[in-house]
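In this text, residue positions in the sequence shown follow the UniProt record's numbering: the first is 1, and each later residue adds one.
Reading through the C-alpha cells given below for one structure.
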Amino acid sequence: MKDELSEDIYKIGDDDNDDIVGEIDVILSRNPSNSELYRIQYPIRKVNPFGCGIVKARYKRNVKMIEMRLPVDKLSSSFDKGRAEHLALISGTSSGPSATNNLYVAF
1 MKDELSEDIY
11 KIGDDDNDDI
21 VGEIDVILSR
31 NPSNSELYRI
41 QYPIRKVNPF
51 GCGIVKARYK
61 RNVKMIEMRL
71 PVDKLSSSFD
81 KGRAEHLALI
91 SGTSSGPSAT
101 NNLYVAF
C-alpha cells in the first residue's frame, strides 16, 4: 500500500509542466514539547508580492502575538503616501524616505 501511494504521487508530479519559480530552504527538527511552531501562508498572493525585500518576523510569547516586518509596495495604487508620513510622524520615526519603507503587522 505504501509503495503504491508513493508511486501514484510520483506519477502525478511527473506529468506536471510547472516551472520552478523559487526555492525555500526548509529545516526539519524535533521541537521540544514546550515549543510552538507557526506556519504563515498566503495561498492567493502574487509570486513575488514583496519584491526583493526581506520579511522579518518575531513571536512575542507573553502576549501571544506575531509581529511581521514587511517592505511596503510604494508603487501600488492603494499606497497612501500622506497616511504613511502621518503614521511615521505619530510613531516617532523620521519622516525621511526610510520612514515609509516598512510596515508592521501584528496578529
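Quick reminder that beta carbons are idealized off the backbone N, C-alpha and C, glycines included.
All values derive from a computational prediction rather than experimental measurement.
Under 8 Å between C-beta atoms of residue i and residue j
i	j	result
E67	K60	yes
residue 108	K56	Outside the shown range of the chain (1 to 107) lies residue 108, about which nothing can therefore be said.
For residue i, the three-state DSSP class (helix, strand or coil)
i	result
L89	helix
R83	helix
Y38	coil
R58	strand
Outcome for residue i when other beta-carbon atoms lying within 10 angstroms are tallied against a minimum of 16
i	result
S95	In this predicted model, S95 has a pLDDT of only 46, less than 50, meaning its place in the structure is not dependable enough to derive any value.
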